[in-house]
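FYI, in full-length UniProt numbering the residues of the sequence shown are 1 to 254.
Ideal placement from N, C-alpha and C gives every residue a C-beta, glycine not left out.
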Amino acid sequence: NGDSDSDEDINVNSLFVIDKNPNDVSISKEKKDVFKKCDFSSQLQPAIDTSGYFKCKSSLESIKLLNEMTVNENCKELENKSAMSNGIERSNFYMESRREMKKRKKLEKEKTKGSEWFNLPATEMTEERKRDLMLLQMRNVWDPKRFYKKNDSSELPKYFQVATVVDAAADFYSDRVVRKDRKNTLVDELLADAEFKKWSKKKYVEALKNNPYYLRKARKEKKRSERSKAEKAAESHKSDKGARKHAKKLKKRK
Numbered sequence: 001n002g003d004s005d006s007d008e009d010i011n012v013n014s015l016f017v018i019d020k021n022p023n024d025v026s027i028s029k030e031k032k033d034v035f036k037k038c039d040f041s042s043q044l045q046p047a048i049d050t051s052g053y054f055k056c057k058s059s060l061e062s063i064k065l066l067n068e069m070t071v072n073e074n075c076k077e078l079e080n081k082s083a084m085s086n087g088i089e090r091s092n093f094y095m096e097s098r099r100e101m102k103k104r105k106k107l108e109k110e111k112t113k114g115s116e117w118f119n120l121p122a123t124e125m126t127e128e129r130k131r132d133l134m135l136l137q138m139r140n141v142w143d144p145k146r147f148y149k150k151n152d153s154s155e156l157p158k159y160f161q162v163a164t165v166v167d168a169a170a171d172f173y174s175d176r177v178v179r180k181d182r183k184n185t186l187v188d189e190l191l192a193d194a195e196f197k198k199w200s201k202k203k204y205v206e207a208l209k210n211n212p213y214y215l216r217k218a219r220k221e222k223k224r225s226e227r228s229k230a231e232k233a234a235e236s237h238k239s240d241k242g243a244r245k246h247a248k249k250l251k252k253r254k
């Protein structure tokens, strides 16, 4: 009987009872942490002080900080450009006399040619521009078959502008200058032109002929050549005379 009672107790304890109304019983379930705890780069402990590197904890704070920095920089630039600087009330009152005002207006007026010339500026004169302007004044030499009007003055102009020629898209294959043939200045273009070289060489020789120094030199060379020819002719004549005398002597002996 004792053994049967112990078996019954084991069977009773091993049974699972399912209740129809489980709301009365609350069973607590342990939650597992799927994400393990980890330290981000801002939470590490390096050997240096990183307080100045990680100021903002969120993106909104970083945007606000960036806006503040840009506004401060813009304010500094405006303060530097503005005439109303700090301490302007302590500075002396600026007063321009009529003479100084006329002088200032005159200097401003000299910077351009005027409204009638569409405010043509006084461009800075360089060596390359100076050579180009001198070539423009001597444009009659470029093409002898073309007529150019005479210049108003022999001096170089003070007011001028340098333009850039832009080729049309329609003339891409017919009337376009290749990039390797393009030059920076007029002097380079003229030196690259073979016909202009030939014609300028011809004119240079003509100018040398009209130069009195070279004329004198040519006369001297002409006289020297004439003297040398006369000396050679006299020597040949003497040799001919000697040959004739020698021939006569041979005939007499015979």
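query: Let's see if you can read the secondary structure: which residues bound the alpha helix (DSSP H) around T70?; result: S59 to K81
query: From A234 to R224, what does the alpha carbon distance come to, in whole angstroms?; result: 15 Å
query: Hey, out of N72, T123 and F172, whose CA is closest to V162's CA?; result: T123
query: Can you tell me whether DSSP reads F160 as helix, strand or coil?; result: strand
query: In whole angstroms, what is the alpha-carbon distance linking K149 and C75?; result: 58 Å
query: Here's the rule: buried if 16 or more other CB atoms are within 10 angstroms of the residue's CB, otherwise exposed. What is N13?; result: Because N13 sits at a pLDDT of 48, beneath the cut-off of 50, its placement in the model cannot be relied upon, and the following sentence gives the value as read from the coordinates. N13 should be labelled exposed.
query: Determine whether the beta carbon atoms of R179 and D167 lie at a separation below 8 Å.; result: no
query: May I have the straight-line CA-CA distance separating E189 from A218, to the nearest angstrom?; result: 34 Å
query: Helix, strand or coil for A234 per DSSP?; result: helix
query: Let me make sure I understand the geometry here. Which of M138, Y159 and F160 has the alpha-carbon closest to that of N151?; result: M138
query: Under 8 Å between the Cβ atoms of L133 and Y159?; result: no
query: What residue range does the alpha helix (DSSP H) around Y148 cover?; result: Taken as a continuous stretch (DSSP letters only), Y148 belongs to no alpha helix (DSSP H), as it is neither H nor E.
query: So which of Y173, K232 and W142 has the shortest CA-CA distance to L191?; result: W142
query: DSSP on A122, reduced to helix/strand/coil?; result: strand
query: Spatial neighbours of N196 within its chain, please: CB distance less than 6 Å, with the 5 preceding and 5 following residues excluded, ordered by chain position.; result: Residue identity check: residue 196 is Phe in the sequence provided, not Asn. The answer, listed in chain order, is L190.
query: Can you check DSSP and say which residues form a bridge with T112?; result: P121
query: I need the boundaries of the alpha helix (DSSP H) containing E195, first residue and last residue.; result: A194 to N210
query: If I follow the unbroken alpha helix (DSSP H) through K130, where does it start and stop?; result: E127 to Q137
query: Who are the near neighbours of Y214 in its chain, counting only those whose CB is closer than 7 Å to its CB and skipping five residues on each side?; result: L208
query: When DSSP labels each residue in this structure, what does M101 get in the three-state scheme?; result: helix
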